[in-house]
Amino acid sequence: MSGKHDDRHDDRHDDKHEDKYGGRRCPAGSFPYTIKSGDTLYFLAIRYNTTVEAIMKLNPGIDPNNLQIGQVICIPYSMPRPEPVLPPCPHGVYYRVKPGDTLYFIGQKFCVTVQELLMANPGIDPNNLMVGQILCIPKRCIIFCD
């Protein structure tokens, strides 16, 4: 054997991965994942076809708002992805939340008030928008403000 290391394997199934990154052992049905710059539980849930709640359940005590680069968490293996449920938007258009967005910023972009956005999107938490979350923008606001 030439002694070369083959990096093409899938770290999710490599027991050495567990020891290499802090000795984290994950329960059956899950695998260890090392947090990288920019990771959020929401993005990881989408990437690995699971839910934030399932990740939180496997990692009691984790602070979803303070993930540390290099931190090792357990991710459940994929589960069937339900069809996304979009908020009703009969008189408007959909908008996908981007990094850094706030309701105020989105309102400014679409010439609508925060109150109008809240009325068009009942149940959203204005202080905890998630990147990738879909919002309804009322139709009268479709023209972008410059």
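Heads up: the sequence shown begins at 81 in the working numbering, then just goes up one per residue. Think of the CB as a built atom: it goes at the ideal place given N, C-alpha and C, for glycine as much as any other residue. As the structure is a prediction and not an experimental result, all values here were calculated from the model.
- In this structure, DSSP gives V211 a state outside helix and strand, which the three-state scheme calls coil.
- Taking a cut-off of 8 Å on C-beta distances, the region 111-127 touches the region 203-212, as three or more cross pairs fall below it.
- Counting only unbroken stretches of 4 or more residues, the alpha helix (DSSP H) elements lying wholly within the region 116-146 are 121-127 and 132-138, in sequence order.
- When the five nearest sequence neighbours on each side are left out, the beta carbons in the same chain lying within less than 8 Å of the beta carbon of C154 are those of R104, C106, P107, S110, F111, P112, Y113, I135, L138 and N139, in order along the chain.
- Taking each of R176, C169 and Q188 in turn and checking the Cα distance to A200, the smallest one comes out for C169.
- Exposed is the label assigned to T182, since fewer than 16 other Cβ atoms lie within 10 Å of its Cβ.
- Secondary structure note for G187: its alpha helix (DSSP H) is the uninterrupted segment L183 to F190.
- A Cβ-Cβ separation of about 13 Å leaves I217 out of contact with F185 under the 8 Å criterion.
- Contact between K116 and G172 is absent: CB atoms are separated by about 36 Å, not below the 8 Å threshold.
- By the Cβ neighbour-count rule, P156 is buried, with 16 or more other Cβ atoms within 10 Å of its own.
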